Structure formats: C-alpha cells, structure tokens
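Reading the sequence shown from the start, the letters are residues 38 to 201 in my numbering.
Report on the following structure.
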Amino acid sequence: MGQVFDKLQGKEWRQKQIRKITDRVYDRVKIQPATANLTFGDLYIAVLLVYNDINKLLPGPHFDPPSKDKVREIIKNCDINFDGEIDRDEFFSFIQQMTAETFTHVSQKLILTMVVAPTVAVATKRATEGVPGVGRVVQRLPNFVYASLVTFTAMWLQNLGQDS
Numbered sequence: 038m039g040q041v042f043d044k045l046q047g048k049e050w051r052q053k054q055i056r057k058i059t060d061r062v063y064d065r066v067k068i069q070p071a072t073a074n075l076t077f078g079d080l081y082i083a084v085l086l087v088y089n090d091i092n093k094l095l096p097g098p099h100f101d102p103p104s105k106d107k108v109r110e111i112i113k114n115c116d117i118n119f120d121g122e123i124d125r126d127e128f129f130s131f132i133q134q135m136t137a138e139t140f141t142h143v144s145q146k147l148i149l150t151m152v153v154a155p156t157v158a159v160a161t162k163r164a165t166e167g168v169p170g171v172g173r174v175v176q177r178l179p180n181f182v183y184a185s186l187v188t189f190t191a192m193w194l195q196n197l198g199q200d201s
C-alpha cells in the first residue's frame, strides 16, 4: 500500500526511481576502480545501456540513442567541476537531460491512450444509440467494459502503426 502512496507523490517518486536506475548503470559501467568518475567512453556505453533498457521496457517506438556529438554537448552542460569526467551526481543530471525528450514522448502517448480514449468512449457511448444493431449492444454494455474495449482497440491500432 505504501508503494501506491509513493507513486501518487509524483515528481519525488520519479526522481527516486531515476536515481536508482542511474546508480545501477553507473556502478555497472564504472570499470576502473581507481577513478571515481566516468570518461567519455564509459559515458557512451552507459547511454547505450540506458537506451537499450528504454527500448525494452517502455511502450512506443524504438528510440535511437543520441550521437556522440550530442553526448559531448550534454557532458559540457553537466560537468560542474570541469574535469572532463562525470561523477555520480553529474551522471544523474546527465541521464535526465539525455532522456528528457524520450520520456516526454512516451508520457504523451500513454496519456492519450490511457486517459483520453476511455473518456471519449464514455462520452460518445450515447452517439451509438441510433446505429442499427450496434447501438443496442453498446447500450447494454457497462461503461467500464465499453471504455476498456475502446482503450484496447486504441492501443492495438497504435501498435499496428508502429510495426509498419
């Protein structure tokens, strides 16, 4: 039950989850125990790992990782102490900047599918009354069943569009 309340807190919960992911990737990529920071090569491997996870776990189209030039540009923005390497805290900021656009795209698509589709379904249920044959069936369905069917159909059509 506590996890549900954590999720309702919104931004803080997301920040904590992103911190867990970045710490896991940072520890996985940090090859040289003598240095505490990540070099450019290590960072690019980390970016590839993060985008691999994004493509495996998040719904939506395949997201290509950014180019090496884009990674260099973001390193300049995140390297607070100007040593040319990224420490654990800078890495958190780096990954947030690197994936901001991707998460915005995924969030918009999820909102469209999971909020707008059921709302439109329930709002337009009355419009089906005049359709011969279909109107009777739709009117007999409970609202939650009809909204679920419309949402499932919207998700199915989105997936068909991605495969093309």
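Cβ coordinates follow ideal geometry from the N, Cα and C atoms, glycine included.
Being a predicted model, the structure only gives us computed values, none of them experimental.
Check your understanding: By Cβ distance, which residues of its chain are closer than 7 Å to residue 166, with the 5 residues on each side in sequence left out?
Key -> Your numbering for residue 166 matches position 129 in the sequence shown. Hits under 7 Å: 172 and 176.
Exercise for review: For my contact list, residue 103 and residue 85 are in at a C-beta cut-off of 8 Å; report their separation, rounded to the angstrom.
Suggested key: Sequence index remark: in the sequence shown, residue 103 carries index 66 (1-based). Sequence index remark: in the sequence shown, residue 85 carries index 48 (1-based). Going by Cβ atoms, the distance from residue 103 to residue 85 rounds to 10 Å, so no, they are not a contact pair.
Point to revise | residue 32, enclosing alpha helix (DSSP H) - first and last residue | key: Residue 32 lies beyond the stretch modelled for the chain, which goes from 38 to 201, so this question has no answer here.
Practice item. Rounded to whole angstroms, what's the CA-CA distance from residue 128 to residue 59? Just pull it up for me. Key: Here residue 128 refers to the residue found at position 91 when the sequence shown is read from its first residue. Here residue 59 refers to the residue found at position 22 when the sequence shown is read from its first residue. If you take the alpha carbons of residue 128 and residue 59, they lie about 7 Å apart.
Check your understanding: In three-state terms, what does DSSP make of residue 80?
Key -> As a position in the sequence shown, residue 80 is number 43, starting the count at 1. Helix, per DSSP.
Review point. How is residue 186 classed by DSSP in three states: helix, strand or coil?
Key: One-based indexing of the sequence shown puts residue 186 at position 149. Helix at residue 186.
Check your understanding: Whose C-beta lies closer than 8 Å to the C-beta of residue 134 among residues of the same chain, with five residues either side of it excluded?
Key -> Position 97 of the sequence shown, counted from the start, is the residue given in the question as residue 134. The answer, listed in chain order, is 111, 114 and 115.
Check your understanding: How long is the line joining the alpha carbons of residue 192 and residue 186, rounded to whole angstroms?
Key -> For the purposes of this step, residue 192 is taken as the residue at position 155 of the sequence shown. For the purposes of this step, residue 186 is taken as the residue at position 149 of the sequence shown. In a straight line, the C-alpha of residue 192 is about 10 Å away from that of residue 186.
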